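J.: 350 is the number of the first residue of the sequence shown in our numbering; add one for each residue after it.
C-beta: ideal position from N, C-alpha, C; glycine also.
In this text, all values refer to a predicted model and were calculated from it rather than measured experimentally.
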Amino acid sequence: MSAVPGSAKDRAELLAGWALEAGFDRVGVASLEPYAGAGSSFLRRLERGLFASMAWLGKRPRRRLAPASLLDGARSALCVALHYHPLEGEPEPEGDLWPRVARYARGDDYHPLMERRLRALAARIRKAFPGSGARLYVDTGPVLERELAARAGLGAVAKNTQLLDRTGSWFLLGELFLTLELEPSEPLAEDLCGNCRRCLDACPTGALPAPHVLDAARCISYWTIEHRGEVPEEARSLVGDWVFGCDVCQEVCPWNEHRATPAKGERSGAFSLPAHRAELDLTALLALSEEEYRNRFRGSPMKRPGRSGLRRNAALAMGNRGTASYIPALERARTSRDPVVRTHASWSLAALRKRPESRAAGKGV
Numbered sequence: 350m351s352a353v354p355g356s357a358k359d360r361a362e363l364l365a366g367w368a369l370e371a372g373f374d375r376v377g378v379a380s381l382e383p384y385a386g387a388g389s390s391f392l393r394r395l396e397r398g399l400f401a402s403m404a405w406l407g408k409r410p411r412r413r414l415a416p417a418s419l420l421d422g423a424r425s426a427l428c429v430a431l432h433y434h435p436l437e438g439e440p441e442p443e444g445d446l447w448p449r450v451a452r453y454a455r456g457d458d459y460h461p462l463m464e465r466r467l468r469a470l471a472a473r474i475r476k477a478f479p480g481s482g483a484r485l486y487v488d489t490g491p492v493l494e495r496e497l498a499a500r501a502g503l504g505a506v507a508k509n510t511q512l513l514d515r516t517g518s519w520f521l522l523g524e525l526f527l528t529l530e531l532e533p534s535e536p537l538a539e540d541l542c543g544n545c546r547r548c549l550d551a552c553p554t555g556a557l558p559a560p561h562v563l564d565a566a567r568c569i570s571y572w573t574i575e576h577r578g579e580v581p582e583e584a585r586s587l588v589g590d591w592v593f594g595c596d597v598c599q600e601v602c603p604w605n606e607h608r609a610t611p612a613k614g615e616r617s618g619a620f621s622l623p624a625h626r627a628e629l630d631l632t633a634l635l636a637l638s639e640e641e642y643r644n645r646f647r648g649s650p651m652k653r654p655g656r657s658g659l660r661r662n663a664a665l666a667m668g669n670r671g672t673a674s675y676i677p678a679l680e681r682a683r684t685s686r687d688p689v690v691r692t693h694a695s696w697s698l699a700a701l702r703k704r705p706e707s708r709a710a711g712k713g714v
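1. Give every residue of the same chain whose Cβ lies closer than 7 Å to the Cβ of residue 597, excluding the five residues on either side of it in the sequence, and list them in chain order.
2. Residue 377 and residue 481: beta carbons closer than 8 Å?
3. Drop a sphere of 10 angstroms on the beta-carbon of residue 413, count the other beta-carbons inside from all chains shown, and report buried for 16 or more, exposed for fewer.
4. From which residue to which residue does the beta strand (DSSP E) around residue 591 run?
5. Which residue marks the beginning of the alpha helix (DSSP H) containing residue 464, and which one marks its end?
6. Give a yes or no on contact between the segment 362-380 and the segment 423-431, applying the rule of three or more CB pairs nearer than 8 Å.
7. Is residue 373 helix, strand or coil when you go by DSSP?
8. Which residue spans inside the segment 363-437 form an unbroken alpha helix (DSSP H) run of at least 4?
9. Report the residue from 512, 417, 565 and 619 whose alpha carbon sits nearest the alpha carbon of residue 605.
10. What does the Cβ neighbour count give for residue 581, buried or exposed, with the cut at 16 atoms within 10 Å?
11. Using 8 Å as the Cβ pair cut-off and three pairs as the minimum, do the segment 404-420 and the segment 574-589 touch?
12. At the level of alpha carbons, what is the spacing between residue 563 and residue 680?
13. Could you tell me the alpha carbon to alpha carbon distance between residue 478 and residue 530, rounded to whole angstroms?
14. Drop a sphere of 10 angstroms on the beta-carbon of residue 693, count the other beta-carbons inside from all chains shown, and report buried for 16 or more, exposed for fewer.
15. What are the partner residues of residue 450, as DSSP defines its beta bridges?
16. Going by alpha carbons, who is nearest to residue 558 out of 367, 397 and 361?
17. What three-state label does DSSP hand residue 653 in the structure shown?
18. Can you name the start and end residues of the beta strand (DSSP E) that residue 525 belongs to?
19. Counting only the same chain and skipping the five closest in sequence on each side, list residues whose C-beta sits under 6 Å from that of residue 418.
20. Checking 8 Å against the spacing of the C-beta atoms, do residue 629 and residue 645 come in under that value?
21. Please go through the same chain and pick out, in chain order, the residues whose beta-carbon is closer than 8 Å to the beta-carbon of residue 395, but skip the five residues on each side of it.
22. I need the DSSP call for residue 559, collapsed to helix, strand or coil.
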């Protein structure tokens, strides 16, 4: 093995190259001093109850504000990003052919994919730097991911609270905390949002009441992914026909208007819609059996709401699409053993029958 670089700058450049070789699209180094402005913003959201029922975000909040506390002897964090933006020539699912799903969740679960790559990277680092420590996170643990990635120069936190750079915001984040001292990357100094308000104005539920503020209790992603049980009646029509997540605030962003050239086969494949889920329409999703749920969504992010949550979301989407052809399926679901599914099927039936065209089509059903 060649001589180990001795300076923090050399080590940062070496490890950044290794991260790209491991399959990540972007990499930067963040320092680990406590957060100032970002930390205050997080605490204000916590005090205002803007995380809805996601109580785990409020556990040991001070630890989230001190990133060095996440690994004994931590001195740096290697922040990585994996793109999942639309690819040139990639078809878009339309209509009933595919329930409306956030782009990141259409393919395989990104957590295991990124964790595998970070584990391999950590092993390589430990081999090259004996005695060094490493700890990885991918959407887990008390990490303010976007703020740390912004510190590492991977982008800036946009008005919709997503991380944004000149390639857009279609990327996923991971972190490797290290006991090695690395030279920090330069944060992005450019204000990419400027006076633009597209994301704030386009949000169907008003979940972005101000720039850089997200109210989870009004967010479609929260209701369709994290919330368990019944969706409050006042929120049901606002969910629209999304059955998992929501991309509206990203779809309207001017920086997301381009499509990427296919690259890194595993990356493009991991986020593509597999055939065994592409054939699943709303009616099939509503009638999903436990066995079908396990088989179709094995290795998918869409397992998170559970079978009950997915069926609930399908029922709401049917009512909000306003198509009378869904009435028979909703009638069957109204007798489901699952009380959550029954409630939302009944709500959607009532919503459909209020529409003149549905009343006409539903005669004799």
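T.: Walking through what the data contain:
1. 551, 552 and 553
2. no
3. buried
4. 591-593
5. 459-477
6. yes
7. coil
8. 386-396 and 410-413
9. 512
10. exposed
11. no
12. 36 Å
13. 12 Å
14. buried
15. 593
16. 397
17. coil
18. 520-527
19. 412
20. yes
21. 406, 407 and 410
22. strand
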